[in-house]
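Novice: So that we are looking at the same thing, I have put the structure below in structure tokens.
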Amino acid sequence: MVIKLHKSYLPNYLVVRWPLLFSIFVFWLGSIWLKSNYSDEDSIIWIVMTQFVIIIQMAILLFFIFGVLLTFLAWLFFVYKMRNQRLIADIHLGDEAQVEAGFVPIVIVLNGFVFRPFLGRVVAQLVFSDNKVSDKIVFEENVHKRKSWNRIGIKGVGKTLLHDRGRYDVTKIHFQFSDLFNLIGLPYTVKYSKQIYSLPLSQPATHLVIQPNSSEQPSQRINIPKRREGEFIAYKEFESGDNIGRIVWKIYAKTGKLVVRIPEIKNPYASHLNFYASFYEGLNLGMSMFQKELLNQYKDKVRNLWEALERNQFVTQMPSDQEVPKFIGKTNKKNELFQIAVANWQKEKPLKTFINTTNAGFVCVSSLIPAKEIEYLIQKLPSNVPIVVVKLSEAIPAPFSWTVKNLFLKPHPHPTDSLRNSWFISSLRRKLRHNENAIEPVLRGRGNAWLVHTIEIA
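If you're matching positions, the sequence shown starts at 22 in my numbering and goes up one per residue.
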């Protein structure tokens, strides 16, 4: 099995840091410059300067050795306690189960006594299953017992960017002890298991007025039951705890049996709407460098539509075109937002095998599906079923996008910045634009069909 190491992963295991090498190089250049300009054995200035330089070098060297020695001892004590399970690491990511994609709060607590290096620092990074690492979290806070000054641990608080929508598996925590000048970094990695999933970004509210599939058989339970016709529809034998006021005395007089009226019951079933969101791609996306970002943008639009449909007063179901993975710590209760977050592009279930056109209430697909397949779907769908095709050719902004405020404010870096130039000239973008141009006339003859980049449906 080949393990791909992320470029930000390996540097964390380098003990000697670049500032140390840079400092040695600067001192070496400085000594050469001094010798070339002031070297004169008979000069008093040169003798004094030489002694002064030696004193400075010895002071820096002793201070460096002192800092490194204390850092090494603190690290050694930490490793000893970790291996003897006398330190416990605890991680809190967001709200512990799900977060919105973006910068996510991280709290890492080390429960147990830990020495910090003298004037140095202890940092930690989370290592995910694909060997990507989080931003560095510095342990700057102490953890005390309640109503006591006794320190029982240290805590680091920070944020890290979880840009991709989906599941993140934390597999390790990478600790590093560094000295005052950050010239060395002593690493230690601890195995840790934690799962979290980042939700697609919430979009501005969209209002959709869609009627449920009233022709379906009632099979979906709802939160607000509806009354059935008739006040009393049956009788049953009297049991302990039944309301005496509901006893039917006429029947008792005739048969000698105590029976009570069954009160009206509420029907906990109602018709519902099926929202089909397909993650099928038919343009051979493969292992393209753009596939994750296109998937991120599509998930955002699917979440927007799902939440718009949820605002109606009926139950909305969302069939899945792929197996939804289990999530540690979650119940088996269906969670559509989780289903959207962990979905991937798939080629196993095209539209004709996934979407049941007889009970579909709303359909959402991407422009990665060939125009011919969308045309076939429209021919099969009833005329009252809306369909949205998400335009993905504009998912990654153009490299020369610019606004007036850029003259005064530098825009924040974005994970897609490195993709902009490549996307603008990519063959996939050209293929998408060509497919979208073919889809547009197919949708034009249908009043409730849209090809959109931003969901703005009235």
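Where a beta carbon is used, it is the ideal one built from N, C-alpha and C, also for glycine. Keep in mind it's a predicted model, so treat the numbers as computed, not measured.
Helix, strand or coil, according to DSSP, for SER235 in the structure here?
Specialist: The count along the sequence shown starts at 1 and reaches residue 235 at position 214. Confidence at SER235 is low in this model, with a pLDDT of 41, below 50, so the placement of that residue should be treated as unreliable; the coordinate-derived value is given next. Coil.
Novice: Could you give the first and the last residue of the continuous beta strand (DSSP E) run that contains PRO126?
Specialist: Translated into positions along the sequence shown, residue 126 becomes position 105. Here the beta strand (DSSP E) through PRO126 covers 123-132.
Novice: Please confirm whether VAL409 and LYS322 have their CB atoms less than 9 Å apart.
Specialist: One-based indexing of the sequence shown puts residue 409 at position 388. One-based indexing of the sequence shown puts residue 322 at position 301. Yes, the Cβ-Cβ distance between VAL409 and LYS322 is below 9 Å.
Novice: CB-CB under 7 Å to GLU161, same chain, minus the five flanking residues each way: which ones, in chain order?
Specialist: For this step, residue 161 is matched to residue 140 along the sequence shown. Answer for GLU161: GLY177, listed in chain order.
Novice: Please state whether DSSP places VAL345 in a helix, a strand or coil.
Specialist: The residue labelled residue 345 in the question sits at position 324 within the sequence shown. Residue state, collapsed to three classes: coil.
Novice: By DSSP, does ASP321 sit in helix, in strand, or in coil?
Specialist: Stepping through the sequence shown from its first residue, residue 321 is reached at position 300. Looking at ASP321 - three-state DSSP - the assignment turns out to be helix.
Novice: So is LEU449 buried or exposed if we call it buried at 16+ other beta carbons inside 10 Å?
Specialist: On the sequence shown, residue 449 is found 428 positions in, with the first residue counted as 1. Counting Cβ neighbours within 10 Å, LEU449 comes out buried, since at least 16 surround it.
Novice: Is GLN343 closer than 9 Å to GLN367 when the C-beta atoms are compared?
Specialist: For the purposes of this step, residue 367 is taken as the residue at position 346 of the sequence shown. For the purposes of this step, residue 343 is taken as the residue at position 322 of the sequence shown. It is a contact, given that the beta carbons lie within the stated cut-off.
Novice: Using three-state DSSP, classify PHE85 as helix, strand or coil.
Specialist: Counting from 1 along the sequence shown, the entry for residue 85 is found at position 64. Here PHE85 sits in helix by DSSP.
Novice: Between LYS180 and VAL125, which are expected to be in contact by the criterion C-beta below 8 Å, what is the C-beta distance as a whole number of angstroms?
Specialist: As a first step, residue 180 is located in the sequence shown; it is residue number 159 there, counting from the start. As a first step, residue 125 is located in the sequence shown; it is residue number 104 there, counting from the start. Between VAL125 and LYS180 the Cβ distance is about 6 Å, and since that is below 8 Å, they are a contact.
Novice: Can you check DSSP and say which residues form a bridge with TYR189?
Specialist: Along the sequence shown, one-based indexing puts residue 189 at 168. Looking at the DSSP assignment, TYR189 forms a beta bridge with ILE217.
Novice: Name, in chain order, the residues that DSSP records as bridge partners for THR337.
Specialist: Working through the sequence shown from its first residue, we reach residue 337 at position 316. According to DSSP, THR337 bridges with LEU294.
Novice: On a Cα-Cα basis, can you pick out the residue from ASN317, VAL100 and ARG282 that is closest to VAL411?
Specialist: Within the sequence shown, residue 411 is the residue found at index 390, counting from 1. Among ASN317, VAL100 and ARG282, the Cα nearest to that of VAL411 belongs to ASN317.
Novice: What are the boundary residues of the beta strand (DSSP E) that includes ALA381?
Specialist: Taking the first residue of the sequence shown as 1, we reach residue 381 at position 360. Run containing ALA381: 381-387, per the beta strand (DSSP E) assignment.
Novice: Say yes only if the C-beta of ILE268 is nearer than 8 Å to one or more non-hydrogen atoms of the ligand FAD, and no if none qualify.
Specialist: The ligand FAD is absent from the structure shown, which contains no ligand whatsoever.
Novice: Identify whether MET22 lies in helix, strand or coil by the three-state DSSP scheme.
Specialist: Working through the sequence shown from its first residue, we reach residue 22 at position 1. Its pLDDT being 29, under 50, MET22 is placed unreliably in this model, and the value from its coordinates should be taken loosely. Coil.
Novice: If I measure Cβ to Cβ from LYS157 and keep anything under 7 Å in the same chain, skipping five residues before and after, which residues do I get?
Specialist: Counted from its first residue, the sequence shown places residue 157 at position 136. So the list reads VAL144 and GLN146, once near-sequence residues are dropped.
Novice: What's the gap between the Cα of GLU415 and the Cα of VAL148?
Specialist: Along the sequence shown, one-based indexing puts residue 415 at 394. Along the sequence shown, one-based indexing puts residue 148 at 127. Approximately 32 Å between the Cα atoms of the pair.
Novice: The beta strand (DSSP E) that contains ILE158, what's its start and end?
Specialist: In the sequence shown, residue 158 corresponds to position 137, counting from 1. 158-165 is the extent of the beta strand (DSSP E) around ILE158.
Novice: Under the three-state reduction of DSSP, which class applies to SER3: helix, strand or coil?
Specialist: Missing from the structure shown is residue 3; the chain here goes from 22 to 479 and no further.
Novice: Among all the DSSP beta bridges, which residues are the ones paired with ARG104?
Specialist: Walking along the sequence shown from the start, residue 104 turns up at place 83. DSSP, once it has assigned bridges, lists no residue as partnering ARG104.
Novice: Find out if the Cβ-Cβ distance for the pair LEU10, ILE376 is shorter than 9 Å.
Specialist: Only positions 22 to 479 of the chain appear in the structure, and residue 10 is not among them; the question remains open.
Novice: Taking 8 Å as the threshold, find out whether the region 298-314 comes into contact with the region 436-449 through three or more Cβ pairs.
Specialist: Yes, since at least three Cβ pairs between the region 298-314 and the region 436-449 fall closer than 8 Å, the two stretches touch.
Novice: For the region 130-141 against the region 98-116, are there 3 or more C-beta pairs whose distance is under 8 Å?
Specialist: The region 130-141 vs the region 98-116: in contact.
Novice: Have a look at VAL89 and VAL128 and give me their C-alpha separation to the nearest angstrom.
Specialist: For the purposes of this step, residue 89 is identified with residue 68 of the sequence shown, where counting begins at 1. For the purposes of this step, residue 128 is identified with residue 107 of the sequence shown, where counting begins at 1. If I take the Cα positions, the gap works out to 28 Å.
Novice: Around the Cβ of GLY466, are there at least 16 other Cβ atoms within 10 angstroms (buried) or fewer (exposed)?
Specialist: If you number the sequence shown from 1, residue 466 lands on position 445. When all chains shown are included, GLY466 counts as exposed.
Novice: Taking the alpha-carbon of GLU328 as reference, which of SER223, PRO420 and LEU389 has the nearest alpha-carbon?
Specialist: Your numbering for residue 328 matches position 307 in the sequence shown. Comparing Cα-Cα distances from GLU328 to each of SER223, PRO420 and LEU389, the minimum goes to SER223.
Novice: Which residue or residues does DSSP assign as beta-bridge partners of GLU258?
Specialist: For the purposes of this step, residue 258 is taken as residue 237 along the sequence shown, with counting starting at 1. GLU258 pairs with VAL280.
Novice: Provide the residue span of the beta strand (DSSP E) that contains ALA145, from first to last.
Specialist: On the sequence shown, position 124 is the one that residue 145 refers to. Segment 142-149, the beta strand (DSSP E) holding ALA145.
Novice: Can you give the beta carbon distance from GLY187 to ALA362, rounded, assuming they're within the 8 Å contact cut?
Specialist: In the sequence shown, residue 187 corresponds to position 166, counting from 1. In the sequence shown, residue 362 corresponds to position 341, counting from 1. Right, the Cβ-Cβ distance comes to about 6 Å (below 8 Å), so this counts as a contact.
Novice: With LYS401 as the anchor, note down where its alpha helix (DSSP H) starts and where it stops.
Specialist: Here the question's residue 401 lines up with position 380 in the sequence shown. Taken as a continuous stretch (DSSP letters only), the alpha helix (DSSP H) holding LYS401 covers 392-401.
Novice: What is the rounded straight-line gap between the Cα of ILE205 and the Cα of ILE175?
Specialist: If you number the sequence shown from 1, residue 205 lands on position 184. If you number the sequence shown from 1, residue 175 lands on position 154. For ILE205 and ILE175, the distance between alpha carbons rounds to 21 Å.
Novice: Since SER199 sits in a beta bridge, which residues does DSSP pair it with?
Specialist: Residue 199 sits at position 178 when you count from the first residue of the sequence shown. SER199 pairs with ARG142 and GLY206.
Novice: Taking the alpha-carbon positions, what's the PRO420 to GLU314 distance?
Specialist: Reading the sequence shown from its first residue, position 399 is the one you call residue 420. Reading the sequence shown from its first residue, position 293 is the one you call residue 314. Their Cα atoms are separated by approximately 15 Å.
Novice: Whole-angstrom Cβ separation of GLU302 and SER387, contact assumed at under 8 Å?
Specialist: Within the sequence shown, the letter at position 281 stands for residue 302. Within the sequence shown, the letter at position 366 stands for residue 387. Between SER387 and GLU302 the Cβ distance is about 7 Å, and since that is below 8 Å, they are a contact.
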